[in-house]
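Since the structure comes first, as structure tokens, the remarks are kept for the end.
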Amino acid sequence: MDFGLVLQTDPPASRVISLMKRAERNGFTHGWTFDSAVLWQEPFVIYSQILANTTTLEVGPMVTNPGTRTWEVTASTFATLNDMYGNRTVCGIGRGDSAMRVAGRRPNTLARLGEAIDAIRDLAEGREAEVDGQRMRLPWVRDGRLPVWMAAYGPKALALTGRKADGFILQLADPFLTEWMVKAVRNAAAEAGRDPDAITVCVAAPAYVGDDLAHAREQCRWFGGMVGNHVADLVARYGEHSGMVPEALTEYIKGREGYDYSHHGRAGNPSTDFVPDEIVDRFCLLGPPEAHIEKLRALRDLGVDQFAVYDMHDAQETTIDAYGAEIIPALGD
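Note that the sequence shown covers residues 8 to 340 in this note's numbering.
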């Protein structure tokens, strides 16, 4: 199993770079960041410095979207980084939540997302693609490689992931829901004539290593609120008891009254009071190293290839170091 580190690009950028260097030293293979131009600093500028200050770490957004930048700009940015640092980027992409809503825009449609996945990958790898009706190619790209991993929860998004994406990003670490969603992605891939096992599965969730479970829950409760944004969209689209989405995912948002993006992805987010302890425990990895190892082994058995640690809490360095010292080595067996 591979391991990634997920950060927000809060200033100073030097700290983001330092934590990514620390992650690589501790055996992490991927460095991810949020991508919301209003809330945080521009990640692609920072990726250049992360890549320059690491040796093998692969970097990318978790996740970008088709609306913030034009597709040829996104592809050219990835391709430039790859040309400079040797194909060490991954494009995580989704419909857009904070990046679009904070700017007063609606998340992208799945149809547009599907078109963007093809176009961005083709352009970044040197092939011709169509963008807004215009055929184009980046003539300077040589030997480019850009895996595109899609973030998804709902049935239509999971099906699109299976048909189009090189990887699947699932932003929660509940084994029951992981099994359900991975199966949906792989079934869609098989129906599209693709090799289901060729799709990389990445589970991303907060991890907090320590014995004070109550404190760990409070540091990670924000995550249930973030996931709740997407779940609320699914309930609005499919209904509360449609059978299209597991009630194990939708039940907990009944007490949700709104969401303040100014606290997005941060410990102490006041918009997440509705998230019960049970959801925090199910969606995150909390407790001593043995608890993390046990849950990660269960996820690995379900086909998860990478666990990406959301490290937005008060124990960033100690979590990275604990994973490097005890947890990552145990998952190499």
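C-beta atoms are modelled at their ideal positions from N, C-alpha and C, and glycine is treated no differently.
CA nearest to the CA of residue i, picked from the options
{"i": "PRO295", "options": "VAL287, VAL252, GLU324, ALA214", "result": "ALA214"}
{"i": "ALA239", "options": "CYS209, GLU258, LEU12", "result": "GLU258"}
{"i": "VAL23", "options": "ASP318, ILE335, GLY232, ASP328", "result": "ASP318"}
{"i": "GLU65", "options": "LEU338, LEU12, GLU297", "result": "LEU12"}
{"i": "HIS271", "options": "ARG76, PHE35, ALA106, ASN60", "result": "ALA106"}
{"i": "ARG224", "options": "ALA322, HIS37, THR63, PRO68", "result": "ALA322"}
{"i": "ARG244", "options": "ALA196, LEU117, THR62", "result": "LEU117"}
{"i": "ASP90", "options": "GLY151, GLY34, THR75", "result": "GLY151"}
{"i": "GLY93", "options": "MET143, LEU26, THR62, PRO18", "result": "THR62"}
{"i": "ARG304", "options": "LEU220, GLY339, GLY331, TYR268", "result": "GLY339"}
{"i": "ARG108", "options": "ILE100, GLY140, LEU145, VAL45", "result": "VAL45"}
{"i": "HIS299", "options": "ASP181, TYR268, SER55, PRO146", "result": "ASP181"}
{"i": "ILE100", "options": "ASN115, LEU306, ALA110", "result": "ASN115"}
{"i": "ALA329", "options": "PRO253, ARG32, PRO18", "result": "ARG32"}
{"i": "LEU292", "options": "TYR268, THR326, ILE260", "result": "THR326"}
{"i": "ALA221", "options": "VAL192, ASP284, GLY250", "result": "ASP284"}
{"i": "TYR268", "options": "LYS163, ALA110, LYS261", "result": "ALA110"}
{"i": "ILE286", "options": "ASN60, ILE260, ARG307, ASP202", "result": "ILE260"}
{"i": "LYS163", "options": "PHE183, GLY140, VAL192", "result": "VAL192"}
{"i": "ARG112", "options": "THR75, ALA205, GLY140", "result": "THR75"}
{"i": "HIS37", "options": "ALA337, ASP312, ALA332", "result": "ASP312"}
{"i": "GLU297", "options": "ALA337, ASP308, ASN194, ARG102", "result": "ALA337"}
{"i": "SER25", "options": "ASN60, MET8, GLU79", "result": "ASN60"}
{"i": "PRO18", "options": "GLU49, ARG102, GLU135, GLY250", "result": "GLU49"}
The alpha helix (DSSP H) enclosing residue i, as first and last residue numbers
{"i": "TRP229", "result": "229 to 245"}
{"i": "ILE176", "result": "No alpha helix (DSSP H) contains ILE176, which is instead part of the beta strand (DSSP E) from 174 to 177."}
{"i": "TYR54", "result": "50 to 59"}
{"i": "ASP100", "result": "Checking the sequence shown, residue 100 turns out to be Ile, not Asp. Counting along the chain, ILE100 falls outside any alpha helix (DSSP H), though it belongs to the beta strand (DSSP E) covering 98 to 100."}
{"i": "MET188", "result": "182 to 198"}
{"i": "TRP147", "result": "Run containing TRP147: none; DSSP gives neither H nor E here."}
{"i": "LEU338", "result": "No alpha helix (DSSP H) contains LEU338, which DSSP labels as neither H nor E."}
{"i": "PRO5", "result": "There is simply no residue 5 to check, as the chain begins at 8 and stops at 340 in what is shown."}
{"i": "TYR107", "result": "With the sequence shown as reference, residue 107 is identified as Met, and Tyr is not the correct amino acid for it. Start and end: 105 to 108."}
{"i": "ALA329", "result": "323 to 329"}
{"i": "THR116", "result": "THR116 -> no alpha helix (DSSP H), and no H or E assigned at all."}
{"i": "PHE281", "result": "Here PHE281 belongs to no alpha helix (DSSP H), and DSSP marks it neither H nor E."}
{"i": "ASP204", "result": "That residue, ASP204, is in no alpha helix (DSSP H); it is neither H nor E in DSSP."}
Near the ligand SAH: residue i beta-carbon under 6 angstroms from a heavy atom
{"i": "ALA136", "result": "As for the ligand SAH, it is missing from this structure, which has no ligand bound."}
N- and C-terminal bounds of the beta strand (DSSP E) containing residue i
{"i": "GLU135", "result": "Unbroken run through GLU135: none, as it is neither H nor E."}
{"i": "GLN141", "result": "141 to 143"}
{"i": "ALA315", "result": "313 to 317"}
{"i": "LEU64", "result": "First-last for LEU64: undefined, no H or E at that position."}
{"i": "ALA212", "result": "207 to 216"}
{"i": "THR40", "result": "37 to 40"}
{"i": "ASP9", "result": "9 to 14"}
{"i": "MET157", "result": "155 to 158"}
Distance between beta carbons of residue j and residue i, contact taken as under 8 angstroms
{"i": "THR71", "j": "THR81", "result": "7 angstroms"}
{"i": "HIS237", "j": "ALA274", "result": "Actually they are not in contact, since the Cβ atoms of HIS237 and ALA274 sit about 20 angstroms apart, beyond 8 angstroms."}
{"i": "VAL208", "j": "GLY310", "result": "5 angstroms"}
{"i": "VAL148", "j": "PHE314", "result": "About 31 angstroms separates the two Cβ atoms, so there is no contact after all."}
{"i": "GLU137", "j": "ALA126", "result": "7 angstroms"}
{"i": "GLY161", "j": "VAL234", "result": "Their Cβ separation, rounded to whole angstroms, is 12 angstroms, which puts GLY161 and VAL234 out of contact at 8 angstroms."}
{"i": "SER83", "j": "LEU145", "result": "6 angstroms"}
{"i": "CYS98", "j": "LEU153", "result": "6 angstroms"}
Beta-carbon gap between residue i and residue j smaller than 7 angstroms
{"i": "ALA212", "j": "LEU179", "result": "yes"}
{"i": "TRP39", "j": "GLN15", "result": "no"}
{"i": "ALA20", "j": "ILE53", "result": "yes"}
{"i": "GLY169", "j": "ALA196", "result": "yes"}
{"i": "ARG263", "j": "PHE290", "result": "no"}
{"i": "THR96", "j": "PHE85", "result": "yes"}
{"i": "PRO68", "j": "ASP42", "result": "yes"}
{"i": "ARG142", "j": "PRO73", "result": "no"}
{"i": "LEU58", "j": "GLY121", "result": "no"}
{"i": "PHE10", "j": "ILE335", "result": "yes"}
{"i": "GLY256", "j": "LEU184", "result": "A quick correction: the sequence has Leu, not Gly, at residue 256. For LEU256 and LEU184, yes; Cβs fall inside 7 angstroms."}
{"i": "GLY140", "j": "GLY331", "result": "no"}
Any C-beta of chain D under 7 angstroms from that of residue i
{"i": "ALA243", "result": "The structure shown contains no chain D; it is built from a single protein chain."}
Assess, as a yes-or-no matter, whether the stretch 151 to 159 is touched by the stretch 167 to 174 under the definition of 3 or more beta carbon pairs within less than 8 angstroms. With contact defined as three or more Cβ pairs closer than 8 angstroms, the stretch 167 to 174 and the stretch 151 to 159 are in contact.
Three or more beta-carbon pairs under 8 angstroms between the stretch 183 to 191 and the stretch 125 to 134, yes or no? Segment contact: the stretch 183 to 191 against the stretch 125 to 134, fewer than three CB-CB distances shorter than 8 angstroms; contact not assigned.
Under 8 angstroms: do the stretch 276 to 289 and the stretch 219 to 239 share three or more Cβ pairs, one atom per stretch? They touch, by the three-pair rule.
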